[in-house]
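In the UniProt record's numbering, the protein residues as written are 1 to 113.
In this text, a Cβ means the ideal position worked out from N, Cα and C, and glycines have one as well.
As structure tokens, this is what we get:
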């Protein structure tokens, strides 16, 4: 997506100019750089739709055609991060560690008489 001037209606809007999928960039049509972000004429501006998620949150892709755009969704208390897109429940009696990496700690109680 590229935010650019649309002469037909004299306004600015996002235009679909390409796609990013499985590490491959396909540019489908020309796009515009905002001159405020390219001051020396050589640098490329940062292209970001969504920033990385905070600890304990996973990416929820918002549109199949725009895979660089997501919202961050918090995992539940009893879940760990299986990968950047998936929260996974801990087994009964287990709890995620502080890093939520999937390595969990046993919280079951043992009674001794």
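As assigned by DSSP and simplified to three states, the class of residue i
i: residue 98; result: coil
i: residue 4; result: strand
i: residue 92; result: coil
i: residue 51; result: coil
i: residue 59; result: strand
i: residue 76; result: coil
i: residue 30; result: coil
For residue i, the first and last residue of its enclosing beta strand (DSSP E)
i: residue 85; result: Per DSSP, residue 85 belongs to no beta strand (DSSP E) and is neither H nor E.
i: residue 25; result: 24-27
i: residue 11; result: 11-15
Nearest to residue i (by Cα), restricted to the options the options
i: residue 101; options: 82, 93, 94 and 8; result: 82
i: residue 30; options: 16, 22, 85 and 20; result: 16
i: residue 61; options: 26, 7, 74 and 85; result: 85
i: residue 2; options: 22, 23, 69 and 96; result: 69
i: residue 14; options: 6, 21 and 27; result: 6
i: residue 99; options: 92, 54 and 71; result: 54
i: residue 56; options: 27, 26, 79 and 22; result: 79
Contact belief for residue i with residue j at Cβ below 8 Å, rounded distance in angstroms
i: residue 90; j: residue 58; result: Not quite, the Cβ-Cβ distance comes to about 15 Å (not below 8 Å), so this is no contact.
Cβ neighbour criterion (16 or more within 10 Å) applied to residue i
i: residue 75; result: buried
i: residue 96; result: buried
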